[in-house]
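Taking my numbering, the leading residue of the sequence shown gets 1135, the next gets one more, and so forth.
Glycine is no exception: its CB is placed at the ideal position from the N, C-alpha and C atoms.
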Amino acid sequence: MTQETEHIAAGLAIRQVAYFVPDIEAAARAHTAQFDSGPFFVFRNVPLNSSIHRGVEQRFDHSSAYGQWGDVMIEFVQQHGDESSAMHDLYPAGSGRFGLHHMAVFVDQLDAAISDFEERGLALAQLSQTNDGTRFAFVDGSASFGHMIELYEPSDALLGFYRMVRDASANWDGSNPIRNLGE
């Protein structure tokens, strides 16, 4: 391993904890009721330019709810359809199973970080790109940790989104716990 790749994995902070669930709104409401987290921002049918799962282009139609719980963002993910994905790697379609799916970290260079994680034995499971050009990857840590690790570069737009979710939680009075993005 080179000095550059050693640096990539060193000091990565967990930015988000994500759960695969059958209903993102129900999960967000339950989390809010149990932990006073939120509010949660729902993004339905996240538009993607591409998604490659295990080397094969796949449709990855999913919706997410994002909220703040202390210092970390919580995401609930619901996949629409039975297509192969990093979600279904851990929770096969039709199994009725759900739970912790991934922890997300920011990396300086996505391609270099993917290579670094692969050198460490964590294979790339999925690489996707949103319509605005944000790329994100899931590397498979399930054999070691029981979950995936999501990698993405912290663009101004992404950092702004994280800030918006965090700021909405500051002094939040518990009203309007589910908020739809784009409305």
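Where the beta strand (DSSP E) through residue i begins and ends
{"i": "residue 1297", "result": "Premise fails: residue 1297 lies in the alpha helix (DSSP H), 1290 to 1303, not in any beta strand (DSSP E)."}
Which residues DSSP lists as bridging residue i, in chain order
{"i": "residue 1283", "result": "1237, 1273"}
{"i": "residue 1209", "result": "1152, 1200"}
{"i": "residue 1260", "result": "1187, 1272"}
{"i": "residue 1182", "result": "1264"}
For residue i, the three-state DSSP class (helix, strand or coil)
{"i": "residue 1244", "result": "helix"}
{"i": "residue 1177", "result": "strand"}
{"i": "residue 1315", "result": "coil"}
{"i": "residue 1224", "result": "helix"}
{"i": "residue 1139", "result": "Residue placement at residue 1139 cannot be trusted, given a pLDDT of 40 that sits under 50; the coordinates are not used to answer."}
{"i": "residue 1163", "result": "helix"}
{"i": "residue 1168", "result": "helix"}
Beta-carbon proximity check, residue i vs residue j, cutoff 9 Å
{"i": "residue 1232", "j": "residue 1156", "result": "yes"}
{"i": "residue 1255", "j": "residue 1278", "result": "yes"}
{"i": "residue 1220", "j": "residue 1274", "result": "yes"}
Three or more C-beta pairs closer than 8 Å, one from the stretch 1166 to 1176 and one from the stretch 1243 to 1254: is that the case here? Judged by Cβ distances under 8 Å, the stretch 1166 to 1176 makes no contact with the stretch 1243 to 1254, as fewer than three pairs qualify.
The stretch 1294 to 1303 in contact with the stretch 1193 to 1208 per 3-pair CB rule at 8 Å: yes
Given 8 Å, three or more beta-carbon pairs between the stretch 1151 to 1166 and the stretch 1207 to 1220: Verdict: yes, contact present.
State whether the stretch 1280 to 1291 contacts the stretch 1188 to 1196, with contact taken as three or more CB pairs (one from each stretch) at a distance under 8 Å. no
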